[in-house]
Amino acid sequence: MRYSIVEKYFFETLVRLHRETEGAPYTGLKEAGTAKAIVKLSDDALSKGQVDPLISNLNHHIAEVVREKFAKVSEIDQVKDQSVQAGREYVAAYVDYTHTLEAIHDVLDHSNHPHSGH
């Protein structure tokens, strides 16, 4: 019993310090099995020694998201000048679309540079 308390304290401290180096808040230890799907896919790729299924899943998901956001902004573009509300909806959709693309680009552009938090 005492060991489990010490062990939990150790892991809490380890995660707390790690999160602090990333400039992120400590939100507690997560339950086993709560990892994001992408983490499970990346671990699966490593354990099987096959990265192509992971790349395929990522490419498919990115394509879906970009197409969805592109379609939304394109649709609203047709009516954006018809009302103030339509104009606002266009701006919101456009900002969401461009910020998504910028985020994807930034991740890819910085992939060869050391992460400042690690």
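Yeah, the sequence shown ends on 118 if you go by the UniProt record's numbering, and it's all consecutive. Backbone N, C-alpha and C fix where the C-beta goes; we use that ideal spot for every residue, glycine too.
| Asked | Found |
| --- | --- |
| What is the DSSP secondary structure of A92, reduced to helix, strand or coil? | helix |
| Got a sec? Which residues, its chain only, sit under 6 Å from V73 by beta carbon, not counting five neighbours each side? | A93, Y94, Y97 |
| Can we say the stretch 1-15 touches the stretch 28-44, given the rule of at least three CB pairs closer than 8 Å? | yes |
| By Cβ distance below 6 Å, which residues in the same chain neighbour A86 in space, the five residues on each side in sequence not counted? | V79, K80 |
| Alpha carbon to alpha carbon, how far is V51 from E102? Give it in angstroms, no decimals. | 25 Å |
| Closer than 7 Å by C-beta to V65: which residues in its own chain qualify, once you throw out the five before and the five after it? Chain order, please. | T100 |
| Our contact map puts E89 next to I76 with C-beta atoms below 8 Å; I'd like the distance itself, whole angstroms only. | 5 Å |
| Run through DSSP, which three-state label would V26 get? | This sequence places Tyr at residue 26; Val is not what is there. In the structure shown, Y26 sits in coil (DSSP, three-state: anything other than H, G, I, E or B). |
| Helix, strand or coil: which one does DSSP assign to E31? | coil |
| Taking a contact to mean a Cβ-Cβ separation below 8 Å, would you say I104 touches I62 in this structure? | yes |
| Below 7 Å CB to CB, which residues in the same chain sit around V15 once its five sequence neighbours on both sides are set aside? | Y26, L29 |
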